[in-house]
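Visitor:
Number of protein chains: 6
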Amino acid sequence: MTRQDGRAFDELRGIRITPGFAEFAEGSVLIEWGGTKVLCCASVEERAPHHVPGGEGWVTAEYAMLPRANRERSRRDVSKLKLAPRSAEIQRLIGRSLRAAVDLKALGERTITVDCDVLQGDGGTRTASVTGGYLALALACRKLLAEGVLHRDPIVGYVAGVSAGIVDDRLLLDLCYAEDSRAMVDLNCVMNDRGELIELQGTGEGRPFTVDEQQSLVRLCAKGIGALIELQKNVLHS
Amino acid sequence: MTRQDGRAFDELRGIRITPGFAEFAEGSVLIEWGGTKVLCCASVEERAPHHVPGGEGWVTAEYAMLPRANRERSRRDVSKLKLAPRSAEIQRLIGRSLRAAVDLKALGERTITVDCDVLQGDGGTRTASVTGGYLALALACRKLLAEGVLHRDPIVGYVAGVSAGIVDDRLLLDLCYAEDSRAMVDLNCVMNDRGELIELQGTGEGRPFTVDEQQSLVRLCAKGIGALIELQKNVLHS
Amino acid sequence: MTRQDGRAFDELRGIRITPGFAEFAEGSVLIEWGGTKVLCCASVEERAPHHVPGGEGWVTAEYAMLPRANRERSRRDVSKLKLAPRSAEIQRLIGRSLRAAVDLKALGERTITVDCDVLQGDGGTRTASVTGGYLALALACRKLLAEGVLHRDPIVGYVAGVSAGIVDDRLLLDLCYAEDSRAMVDLNCVMNDRGELIELQGTGEGRPFTVDEQQSLVRLCAKGIGALIELQKNVLHS
Amino acid sequence: MTRQDGRAFDELRGIRITPGFAEFAEGSVLIEWGGTKVLCCASVEERAPHHVPGGEGWVTAEYAMLPRANRERSRRDVSKLKLAPRSAEIQRLIGRSLRAAVDLKALGERTITVDCDVLQGDGGTRTASVTGGYLALALACRKLLAEGVLHRDPIVGYVAGVSAGIVDDRLLLDLCYAEDSRAMVDLNCVMNDRGELIELQGTGEGRPFTVDEQQSLVRLCAKGIGALIELQKNVLHS
Amino acid sequence: MTRQDGRAFDELRGIRITPGFAEFAEGSVLIEWGGTKVLCCASVEERAPHHVPGGEGWVTAEYAMLPRANRERSRRDVSKLKLAPRSAEIQRLIGRSLRAAVDLKALGERTITVDCDVLQGDGGTRTASVTGGYLALALACRKLLAEGVLHRDPIVGYVAGVSAGIVDDRLLLDLCYAEDSRAMVDLNCVMNDRGELIELQGTGEGRPFTVDEQQSLVRLCAKGIGALIELQKNVLHS
Amino acid sequence: MTRQDGRAFDELRGIRITPGFAEFAEGSVLIEWGGTKVLCCASVEERAPHHVPGGEGWVTAEYAMLPRANRERSRRDVSKLKLAPRSAEIQRLIGRSLRAAVDLKALGERTITVDCDVLQGDGGTRTASVTGGYLALALACRKLLAEGVLHRDPIVGYVAGVSAGIVDDRLLLDLCYAEDSRAMVDLNCVMNDRGELIELQGTGEGRPFTVDEQQSLVRLCAKGIGALIELQKNVLHS
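Chains as they are written, first to last, in numbering that gives the first Met the number 0: chain A, 0 to 237; chain B, 0 to 237; chain C, 0 to 237; chain D, 0 to 237; chain E, 0 to 237; chain F, 0 to 237.
(1) Mind pulling the chain B residues with CB within less than 8 Å of Pro-84 (chain A)?
(2) For Thr-274 (chain B), write down the residues that DSSP places opposite it in a beta bridge.
(3) Give the residues of chain A in contact with Gly-164 (chain B), contact being defined as C-beta atoms less than 9 Å apart.
(4) What residues in the stretch 208 to 227 of chain C bring their beta carbon closer than 8 Å to a beta carbon of chain B?
(5) Can you pull the chain B residues whose beta carbon is under 9 Å from the beta carbon of Glu-61 (chain C), in chain order?
(6) Smallest Cα separation from Ile-206 (chain D): which of C:Ala-137, C:Thr-112, C:Asp-211, C:Arg-95?
(7) So with CB distances below 8 Å, who are the chain A contacts of Ser-42 (chain E)?
(8) Determine which residues of the stretch 171 to 192 of chain F have a Cβ less than 8 Å from any Cβ of chain D, and write them out in chain order.
(9) Taking 6 Å as the limit between beta carbons, can you name the residues of its chain near Thr-202 (chain A), skipping five residues before and five after?
(10) Residues of chain B with CB under 7 Å from Asp-116 (chain C), in chain order?
(11) Would you say Gln-200 (chain B) lies against chain A (beta-carbon separation less than 8 Å)?
(12) Determine whether the beta carbon atoms of Ala-137 (chain F) and Gly-26 (chain F) lie at a separation below 8 Å.
(13) Just tell me which of B:Gln-231, B:Tyr-133, B:Val-37, B:Leu-170 has its CA closest to the CA of Thr-1 (chain B).
(14) Under 7 Å Cβ-Cβ, which residues of chain C neighbour Ala-99 (chain D)?
(15) Beta-carbon of Leu-38 (chain F) versus every beta-carbon of chain D: anything under 8 Å?
(16) Okay, do the stretch 135 to 152 of chain D and the stretch 79 to 92 of chain D touch, 3+ Cβ pairs below 8 Å being the bar?
(17) Return helix, strand or coil for Ser-42 (chain E), following the three-state DSSP convention.
(18) Excluding the 5 residues preceding and the 5 following Ala-226 (chain D) in the sequence, name in chain order all residues of the same chain whose CB lies nearer than 7 Å to its CB.
(19) Taking Cβ positions, are Arg-46 (chain E) and Glu-108 (chain E) nearer each other than 8 Å?
(20) Below 8 Å on the Cβ atoms is my contact criterion, and I expect Ser-78 (chain B) with Tyr-62 (chain B) to pass it. Report the Cβ-Cβ distance as a whole number of Å.
(21) What's the call for Gly-19 (chain E), buried or exposed, on a 16-neighbour Cβ count within 10 Å?
(22) Please list, in chain order, the residues of the stretch 117 to 134 of chain B that have any C-beta partner in chain C closer than 8 Å.
(23) At a CB-CB cut-off below 9 Å, which residues of chain F make contact with Glu-31 (chain D)?
(24) Could you check where the beta strand (DSSP E) with Gly-225 (chain E) kicks off and where it finishes?
(25) For the pair the stretch 142 to 158 of chain E and the stretch 205 to 219 of chain E, tell me if three or more CB-CB distances fall below 8 Å.
(26) Using the Cα positions of Val-166 (chain E) and Ala-7 (chain E), report the straight-line distance between them to the nearest angstrom.
(27) Give the single residue among D:Cys-39, D:Val-43, D:Gly-122 whose Cα lies nearest to the Cα of Glu-146 (chain D).
(28) Ser-73 (chain E) and Pro-66 (chain E) - do their beta-carbons sit closer together than 8 Å?
(29) Under 7 Å Cβ-Cβ, which residues of chain B neighbour Leu-103 (chain A)?
(30) Using a cut-off of 8 Å between C-beta atoms, extract the partners of Leu-230 (chain D) located in chain C.
(31) For the alpha helix (DSSP H) holding Arg-95 (chain A), just list the boundary residues, first then last.
(32) For Glu-22 (chain C), go through chain B and note every residue whose CB falls closer than 8 Å to its CB, in chain order.
(33) Taking the alpha-carbon positions, what's the Thr-124 (chain F) to His-50 (chain C) distance?
(34) In whole angstroms, what is the alpha-carbon distance linking Asn-69 (chain E) and Arg-75 (chain B)?
(35) Under the rule that 16 or more other beta-carbon atoms within 10 Å means buried, what is Glu-229 (chain B), buried or exposed?
(36) Listing by chain order, which chain A residues have their CB less than 7 Å from the CB of Glu-195 (chain B)?
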């Protein structure tokens, strides 16, 4: 039994990555993942925030959706004078995920801000942001190395994220919007290239889920992340 | 090998619950959990939000810390004109968790808002908010039943939350602040009285964690949540 | 003719003070005054604001109500993106009152912020905040003395506040909410232990009041403040 | 012994009132009181706020200072995204004072907003706003009567305000800025034409004040308000 | 003498237009104009704003830059809690320009909001927004016609915009960023397909400009706009 | 054929200028231009903003309308927590216009902020602000020269602004509100005393306008600005 778009239960949607889409950013990719399109830009600032120990750097993320990224237009955050709470939550997740890929001491006293702007959202925008944001970050570090600003690559491994969920009691990898909106359970994983977890968020708004189901969803994600990291390697080593 | 406060690795801190602490709220508890103190108040409004289907109700939560809940005073959200992103994230978690305990159709066209205000924060404030917020919510529903506003209890089960983490490579249940600030991995679970998961959030800011470690942390949490739900039953049936 | 809660016209409600309710603050009390509960926390910062002459310190206050402190839930200030004007007015009053008890030169170049958060409001929250806030402030100064940070106590006397009002043409001390909401005239006094005025605010929204009535209300307040200052002495010298 | 500008201790500064300064407002005056200049405009809206009982109206006030009303330029409220707390306090005082002059039932279901914008501030801006705002309000009501919108004048009496203070231990009426900035004690009264109090605010930031001093300051104010109400009568009956 | 990118003084940069870039919007184009990239999305709402006469519709625009659209990263509007004043000015210009192309009566009681989000800014973002926004708007109207929501096309003509400026005393069409940042005079025109002006903004921050120079700049723009409208026709009729 | 107020098509309304209206500002004028009244205050601060090259100064402007400047009362910007977009646009225009009159090097490292507050708006408030703001600025510079703070006048020429428009197909100078609200085309010019343009803004919300019409409107403005600069000279040299 296949899914509405013909995929197997453990199959990712098609992904296309355009490095350098934003020319001014130190690193950038446009990641198109099924119908989801996220522009990820990494910006380097020669200054670390106050809360960071001397000699170390910081990596942070911002996440936002364009007003017409969705089926309905949403008002801009600035017109409501507040960051959407969902964006606040997601950008904290992206930041933590990306920092897991970086040796902050090797980065030195600088800040890299990774902006993830969703041009079109068709499910999985947060994991697309992690996966694409990692690439923007890695490209920015590569540029700092090439320019001699850095002498050692602060990137210490790969990091990617994907979602899985339970739809009609079937466990499915990489939900598109139509699946996501019917899902009983939704789980996001961020993992590294050793198959270890960095972030894990599962939520059962439709129904609770068993510990066994949770494990199966993590396994599905692990499989998807393996493929995503291969893709990242191709982008960085092409 | 015991912990700094003498607890076993799988032992909860002492918890004291004072129902009815806030007299005007339809339901309220002060939950004191180790050094953490959260005032949870459930307020009923005879109106459902727009996004809810006709005939159904809604349960939502707000979370905030008093300025001097922590070791350092923080500025109030209003003086910064923005909700702390961490609070935004936590109140979304609490809301989802509490809705899992409620039959929104049985609630009818009304909204229950559960305010969780941290008077003192010593670790585990989000899970204390879920655990105490559940009680405030249940007490409010009981009041609506007693007044004849509701004829059927919309509460369909128990919900509680707890954290676990990895400190010095030991897996520990219910981290206090001193442990939390040294933890490599932090994981929060919200579960129901059938041992099913409702929310799961794990994060490895200090180091990544294996899928096996993740499973062990969930098992630790499950044990703690069993004890918490006994405690909730005592409060509601005393 | 007694009042609805059996008090004489010049009698205070029952008051209970719990020093050290908030463990992290340099000084704190929970003041429960009739049905009103205010948590007062004094926080010390080793820095004075710009407008203060060199070598001197500053004392300031913030006042807020929890959303369900009242019979009806109120929206949080941050969700309206503005400090409630009533809170703005009250916190200015508290700050001026507390500064009258302090030798700012003896305090040195530091700031003490007294947060007064109303957990439950049943009338008289501003004067409970002054009376309890004074204690939090004095306890914080005592801690600074004990730690050798200060060598001379900057507290130069006692300060407390109380309200009086005209209800059904009777002059009553210390209005509870039910009386306050029917009062024609409402007057608040803050005084020191020599019976001198520090702050005086009278308002006749229901009807104007004569100069004689105003004087009688001040006398009522003076009596109440005498009792409050005895209570403060007991707390500080027990 | 005279004051720096040659006035007796109980003498008002020179006052000039220009009715109709703002042509579009239903009622307006420019009040120039010594060096203080306040533009008061009353605007009528055919709608009462929600909190008002059916059939009744409401009177409210807003107060603000132009950026260069003072010796130093201040940033605009909007650039700080918050109403100055001092303005919040003052506009509440003005609103309460003006409502004491109005029969809200006779006003009917409409709102009159009195904007008091300080073009130049040289002490006494809040009492100038009450005194001038009353005139703008009365002129607006007169216009509604003339147009047949109202059949009965909702204005039920006169209301004016003035300050007094203690400077160098002398009690002085109507402090100008230079006196105000050196005053130990500052007291504002709003009274009606029967010499009754509507609002009373006294504050001893420099030193506390005795109940006797307080009484003498109220008497000084009462004298000044008598003269101010004569002035108001001249404006309205010329 | 050619320009730094080899263009003649009256030559446009290369322009590429991708209709339908954003799949959920009723009309959208990605316009890439030299190094400038603007995503224009038209969203239809079945409701007109209050200020519009009954039976008529409205067209409005919003303009924003992504944080890393420029050589330096800018903070997001929402983190500053205010719309950038420059964006406020530009989106008003776009809205007025687009309304000139529409018969608001034929549009009926609905609102079309055209979001112009600058993904990359290399000069001329406001005129690219007008030119691309017109296409998004026209495509949305075409969709409403195809769906039978509209029976008559509300688009009454073509509208496009371009800039010209004075750099080193030479008059140049369509300044790129490098030229714009050195320009003495900058002038933007919006015109229709009859060569009539809709908007005209000229500014001489570097030096004033004569009426003759102003006329020559308008002529340069008119030439460019002719070419732009040909381009628009190709997009709409291909 | 004369206009509704009897003026010829190329005739300015009556203008009255009161220098020194605001006593505390370094320079100020009240400009009354027909029914429009704008208070312009120039404030000097001994500090230049960061974006200015070392050794140079800056001139900036802020523009706002009092709530009852118009026929209908508007809500204050601060109560909406945002600067009105129209004000944002206008104050940028005023700032650019005034800087064209100043040698920023001669000003030295200081900032002059020109506040233009519209007390009453009857058309042409932005050009009245430029024309009056120039005088406030020039008076502030004169004061700095008189005090020896400056040794060379940074004012390098005259700057004034006026509007023209097309009403019933007639080209008219200096539209009053009643004309402006019926105008098809509206054009504002800011020019210097050599007849050169500094700012030019034309907009055809009612109908597009030809290049010839645009030229005629600029010629009308040029005539008006000549008269305005004579008036400025009279104020400064009287």
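From the three backbone atoms N, C-alpha and C, an ideal C-beta is built for every residue, glycine too.
Guide: Per the coordinate set shown:
(1) Leu-82, Ala-87, Glu-88, Gln-90, Arg-91
(2) Here chain B covers residues 0 to 237 and nothing more, so residue 274 (chain B) does not appear.
(3) Near Gly-164 (chain B) there are no residues of chain A at all, since even the closest Cβ is about 13 Å away, more than 9 Å.
(4) none
(5) Pro-66, Arg-75, Ser-78
(6) The displayed chain sequence assigns Arg, not Ile, to residue 206 (chain D). Checked all of C:Ala-137, C:Thr-112, C:Asp-211, C:Arg-95; the closest Cα to Arg-206 (chain D) is C:Arg-95.
(7) The answer, in chain order, is Pro-66, Arg-67, Arg-72.
(8) none
(9) Asp-185
(10) In chain order: Leu-65.
(11) yes
(12) yes
(13) B:Leu-170
(14) What Ala-99 (chain D) touches in chain C: Gly-203, Pro-207.
(15) yes
(16) no
(17) Reduced to three states, the DSSP call for Ser-42 (chain E) is strand.
(18) Leu-11
(19) yes
(20) Not confirmed; about 18 Å, so no contact.
(21) exposed
(22) Leu-118, Gln-119
(23) None at all; the shortest Cβ gap to chain F is about 11 Å.
(24) From DSSP, Gly-225 (chain E) is part of no beta strand (DSSP E) but of the alpha helix (DSSP H) over 210 to 236.
(25) no
(26) 13 Å
(27) D:Val-43
(28) yes
(29) Ordered by position in chain B, no residue passes the 7 Å Cβ test against Leu-103 (chain A), which lies about 11 Å from the chain.
(30) Those do not exist, as Leu-230 (chain D) stays about 20 Å from chain C at its closest Cβ, beyond 8 Å.
(31) That run of the alpha helix (DSSP H) goes 84 to 98.
(32) Gly-34, Gln-119
(33) 37 Å
(34) 34 Å
(35) exposed
(36) Result: Pro-207, Phe-208, Thr-209.
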